[in-house]
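**Q** In the numbering used here, the protein residues as written are 45 to 256. All residues carry an ideal CB built from backbone N, CA and C; glycine is no exception. Got a structure here, written out as structure tokens. Questions coming.
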Ligand code: SAH
């Protein structure tokens, strides 16, 4: 399967912005060349889909800029045989990137309309190893745990315990966390049951909404 429309634009996006942002993992670069980002944004934004900036996807939510998707994905160090949990499906674009790079993807979205649309889109494009669920992802999804990696694409007030519990030993968690009035992207590795975090950079995501 391949997606010829806009393939030249995708190539220049990867060359000009994604590599410049520090993405060096060849598999991640290939995923960004492969996945047709325009398919995941409203029609009026198709022409803008390969500029390196966030775009509105409706329901007051946004799809991140491609270089940040690349950086966050690279932090997961996917080799191909992993089970990955994503919180915040949104358009389904990040889930498609993960689908290309891992064995199985579980993605959770709290807004039903977005989840339904993303599920349909992923299916129609042939990304068949992704399950999209509707619900509050701040509790993770125990039924399919443990996960090799968890990636959160909404900013958390604090790191939910469920994520740590549902990660495998040596598993990786990539998550933006509100810290002193800013949002900091963190990557954590679970070692002997305890998370060891490294701060990556300041980011700007919509908040992760925790349903009471
Ligand atoms: N990864 C997406 C962009 C994410 S935008 C993409 O590639 O398009 C953040 C998404 O997180 C929004 O759609 C928002 O509705 C969702 N979200 C916020 N809190 C959530 C929660 N607790 N559980 C699941 N999804 C959540």
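1. Classify residue 66: buried if its beta carbon has 16 or more other beta carbons within 10 angstroms, exposed otherwise.
2. Can you tell which of 211, 195, 172 has its C-alpha closest to the C-alpha of residue 189?
3. Verify whether the separation of the beta carbon atoms of residue 254 and residue 198 is less than 8 angstroms.
4. Mapping the DSSP letters down to three states, classify residue 131 as helix, strand or coil.
5. Do three or more CB pairs link the region 119-130 to the region 140-159 at distances below 8 angstroms?
6. Between the alpha carbons of residue 176 and residue 61, how many angstroms are there, rounded?
7. Measure the CB-CB distance between residue 135 and residue 173 and report whether it falls below 8 angstroms.
8. Looking at residue 252: is its Cβ nearer than 8 angstroms to the Cβ of residue 200?
9. Rounding to the nearest angstrom, what Cα-Cα distance links residue 213 and residue 122 in this structure?
10. Who are the near neighbours of residue 80 in its chain, counting only those whose CB is closer than 6 angstroms to its CB and skipping five residues on each side?
**A** By the coordinates alone:
1. By 1-based counting over the chain shown, the position of residue 66 is 22. Its Cβ having fewer than 16 others within 10 Å, residue 66 is exposed.
2. In the chain shown, residue 189 corresponds to position 145, counting from 1. The candidate whose alpha carbon is nearest that of residue 189 is 211.
3. What you label residue 254 is simply residue 210 of the chain shown in a count that begins at 1. What you label residue 198 is simply residue 154 of the chain shown in a count that begins at 1. Not in contact: residue 254 and residue 198 (Cβ atoms no closer than 8 angstroms).
4. As a working mapping, residue 131 is identified with position 87 in the chain shown. DSSP places residue 131 in strand when its eight states are reduced to three.
5. yes
6. As a first step, residue 176 is located in the chain shown; it is residue number 132 there, counting from the start. As a first step, residue 61 is located in the chain shown; it is residue number 17 there, counting from the start. Rounded to the nearest angstrom, the two C-alpha atoms are 29 angstroms apart.
7. Position 91 of the chain shown, counted from the start, is the residue given in the question as residue 135. Position 129 of the chain shown, counted from the start, is the residue given in the question as residue 173. Contact flag unset, no.
8. Walking along the chain shown from the start, residue 252 turns up at place 208. Walking along the chain shown from the start, residue 200 turns up at place 156. In contact: residue 252 and residue 200 (Cβ atoms closer than 8 angstroms).
9. Within the chain shown, residue 213 is the residue found at index 169, counting from 1. Within the chain shown, residue 122 is the residue found at index 78, counting from 1. The alpha-carbon atoms of residue 213 and residue 122 are separated by roughly 15 angstroms.
10. Residue numbering aside, residue 80 sits at position 36 when the chain shown is read from its first letter. Closer than 6 angstroms at Cβ, skipping near neighbours: 47.
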